[in-house]
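Okay, so here's the structure we're looking at.
In this note's numbering, the protein residues as written are 714 to 1081.
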């Protein structure tokens, strides 16, 4: 089953991290391709498209999307023999990154030239391990409990954001070409993750969430530029980071923060918070894209709202746009903007099955 990092961070006792990561030799992995079913053509709606990446008969999910040329690549997980399997889809055709004998999942993806990089986790024994696949060839970044969320390639160097944990000590880190770089200090009763990474010229930007306190119930979102932290907290409520983007020198981080009642979807521009909902129901933001003066943010609303299913949405300059009609559960995990085309990957329940889904240019795909 898919583990969503905002749930893990909220329920800290279940976080899966490790300490002491090392690079292992790349291991060749069998790759299988599975074409989406014939009925899996884009489900078009007025003002947008809802595209299922699977046939709706098995659980699956789409975590991240990137566009290279005319091709759309989406990382996530599929189901093979009852196990979650790290997968990416190229223009709707699935590429399974393992044979299904171990649980695995893809969380982030990028394409550089002809190379496709997918990052995520693979379960080895009873331990989830940070892993990346380059063109289907697997490399475990650790041999202990760890996680990888995001990947960026700059000037031929590969940067992977994630974290590692031993007991009640969890360290946010990124790997540069497989070599771990710790972010922040290592302290008892402190668990941290690097959730997202961006590289601009020689500058490395990382979004993290740190959970501290004897009960591990105090969370602080931060972003780091070349190892220097900026806190994204009002000093009163918890805050969580999901995605970072750097555009024209401005740093955008999306996530959510606590309020007196519910968590509230939020993004920060250069450290200043912009709240996206009124806090009458729980909400989060999971992806962000900026084009000129326009800010697009993907996320979810109506968590913990009696009588309602969680709903995938995005905000355009603060105005919410629903991606479904709310008659079943839907979740948006991130967002990608290519020219004037907006992609939001996630999943949607179809008859009780969670199906990997991409919403494309949706303006009237759903209702509130």
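Cβ coordinates follow ideal geometry from the N, Cα and C atoms, glycine included.
Would you list, in sequence order, the uninterrupted beta strand (DSSP E) runs of no fewer than 3 residues that lie entirely inside the region 937-963?
Runs found: 941-944 and 952-960.
In whole angstroms, what separates the C-alpha of residue 1071 from that of residue 994?
Within the chain shown, numbered from 1, the residue matching residue 1071 stands at position 358. Within the chain shown, numbered from 1, the residue matching residue 994 stands at position 281. Their backbone Cα atoms lie some 25 Å apart in a straight line.
Can residue 948 and residue 923 be called in contact, C-beta distance under 8 Å?
Reading the chain shown from its first residue, position 235 is the one you call residue 948. Reading the chain shown from its first residue, position 210 is the one you call residue 923. The answer is no: Cβ separation not under 8 Å.
For residue 738, I'd like the list of residues in its chain whose CB is within less than 8 Å of its CB, leaving aside the five on either flank, ordered along the chain.
As a first step, residue 738 must be located in the chain shown, where it is residue number 25. Per-residue confidence for residue 738 stands at a pLDDT of 32, beneath the threshold of 50, marking its modelled position as unreliable; the derived number appears in the next sentence. These residues qualify, in order along the chain: 852.
Straight-line CA distance for residue 807 to residue 973?
Working through the chain shown from its first residue, we reach residue 807 at position 94. Working through the chain shown from its first residue, we reach residue 973 at position 260. If you take the alpha carbons of residue 807 and residue 973, they lie about 43 Å apart.
Quick check on DSSP: helix, strand or coil for residue 1076?
Against the chain shown, residue 1076 aligns to sequence position 363. Residue state, collapsed to three classes: coil.
If you follow the beta strand (DSSP E) that residue 817 is part of, which residue opens it and which one closes it?
Taking the first residue of the chain shown as position 1, residue 817 is located at position 104. Here the beta strand (DSSP E) through residue 817 covers 817-825.
Taking only the alpha-carbon atoms, compute the straight-line gap between residue 743 and residue 812 and give it to the nearest angstrom.
To locate residue 743, count along the chain shown from 1; it is residue 30. To locate residue 812, count along the chain shown from 1; it is residue 99. Here residue 743 scores only 37 on pLDDT, less than 50, and its place in the model should not be relied on; the value that follows carries that caveat. Approximately 7 Å between the Cα atoms of the pair.
Tell me whether the beta-carbon of residue 820 lies closer than 8 Å to the beta-carbon of residue 776.
The residue given as residue 820 occupies position 107 in the chain shown. The residue given as residue 776 occupies position 63 in the chain shown. For residue 820 and residue 776, yes; Cβs fall inside 8 Å.
Beta strand (DSSP E) runs contained entirely in the region 968-1016, provided each spans 3 or more residues
Listed in chain order, they are 977-982, 985-988, 995-1004 and 1007-1016.
Residue of 774, 1040 and 891 minimising C-alpha distance to residue 1020:
The residue you call residue 1020 lines up with position 307 of the chain shown. Scanning 774, 1040 and 891 for the CA closest to the CA of residue 1020 turns up 1040.
Per-residue burial, residue 1085 [other beta carbons within 10 Å of its own, 16 or more giving buried]
There is simply no residue 1085 to check, as the chain begins at 714 and stops at 1081 in what is shown.
Integer Cβ distance of residue 785 from residue 1056, believed to fall under 8 Å:
In the chain shown, counting from the first residue as 1, residue 785 sits at position 72. In the chain shown, counting from the first residue as 1, residue 1056 sits at position 343. Residue 785 to residue 1056, Cβ: 7 Å. Contact.
Express the C-alpha separation of residue 816 and residue 805 in angstroms, rounding to a whole number.
Counting from one through the chain shown, the residue named residue 805 turns up at place 92. Counting from one through the chain shown, the residue named residue 816 turns up at place 103. Using only the alpha carbons, I get a separation of about 22 Å.
For residue 876, I'd like the list of residues in its chain whose CB is within less than 7 Å of its CB, leaving aside the five on either flank, ordered along the chain.
Within the chain shown, numbered from 1, the residue matching residue 876 stands at position 163. Contacts found: 730, 859, 860, 883, 884, 885, 886, 905, 906 and 907.
Pick out whichever of 1025, 965, 928 and 985 has its Cα sitting closest to the Cα of residue 1004.
Taking the first residue of the chain shown as 1, we reach residue 1004 at position 291. Ranked by Cα distance from residue 1004, the first of 1025, 965, 928 and 985 is 965.
Excluding sequence positions up to five away, which residues of its chain have a Cβ less than 8 Å from the Cβ of residue 766?
Locating residue 766 in the chain shown gives position 53, where the first residue counts as 1. If we look at residue 766 and ignore the five residues flanking it on each side, its Cβ neighbours are 749, 753, 773, 775, 787, 789, 802, 805, 807, 1068, 1069, 1070 and 1071.
Evaluate residue 1091 with the Cβ neighbour count: other Cβ atoms within 10 Å of its Cβ, from every protein chain shown; 16 or more gives buried, anything less gives exposed.
The requested residue 1091 is not part of the displayed model; the chain covers only 714 to 1081.
Who are the near neighbours of residue 1063 in its chain, counting only those whose CB is closer than 8 Å to its CB and skipping five residues on each side?
Residue numbering aside, residue 1063 sits at position 350 when the chain shown is read from its first letter. Closer than 8 Å at the Cβ level, and outside the excluded window around residue 1063, lie 765, 769 and 1041.
Could you round the C-beta distance between residue 996 and residue 1010 to whole angstroms and report it? I think they count as a contact, below 8 Å.
Translated into positions along the chain shown, residue 996 becomes position 283. Translated into positions along the chain shown, residue 1010 becomes position 297. The pair is not a contact, with the Cβ atoms about 11 Å apart (cut-off 8 Å).
Using only alpha-carbon positions, find the residue among 1038, 1032, 985 and 893 that is nearest to residue 1023.
As a first step, residue 1023 must be located in the chain shown, where it is residue number 310. Nearest of 1038, 1032, 985 and 893 to residue 1023, Cα basis: 1038.
Residue burial classification, residue 892 (beta-carbon count within 10 angstroms, cutoff 16):
Along the chain shown, one-based indexing puts residue 892 at 179. Flag for residue 892 reads exposed.
Flag residue 991 as yes if its beta-carbon sits less than 8 Å from any beta-carbon of chain C, otherwise no.
Included in the structure is just one protein chain, with no chain C present.
Roughly how many angstroms lie between the CA atoms of residue 1036 and residue 780, to the nearest whole one?
Here the question's residue 1036 lines up with position 323 in the chain shown. Here the question's residue 780 lines up with position 67 in the chain shown. One alpha carbon belongs to residue 1036, the other to residue 780, and they sit about 20 Å apart.
Can you grab the Cα-Cα spacing for the pair residue 736 / residue 845, in whole Å?
Translated into positions along the chain shown, residue 736 becomes position 23. Translated into positions along the chain shown, residue 845 becomes position 132. Its pLDDT being 32, under 50, residue 736 is placed unreliably in this model, and the coordinates cannot settle the point.
In three-state DSSP terms, what is residue 752?
On the chain shown, residue 752 is found 39 positions in, with the first residue counted as 1. Confidence is the limiting factor: at residue 752 the pLDDT is only 39, short of 50, which leaves the residue's position unreliable, though a coordinate-based value still follows. Correct three-state label for residue 752: helix.
Would you call the CB atoms of residue 936 and residue 919 closer than 8 Å?
Translated into positions along the chain shown, residue 936 becomes position 223. Translated into positions along the chain shown, residue 919 becomes position 206. Less than 8 Å divides the Cβ of residue 936 from the Cβ of residue 919.
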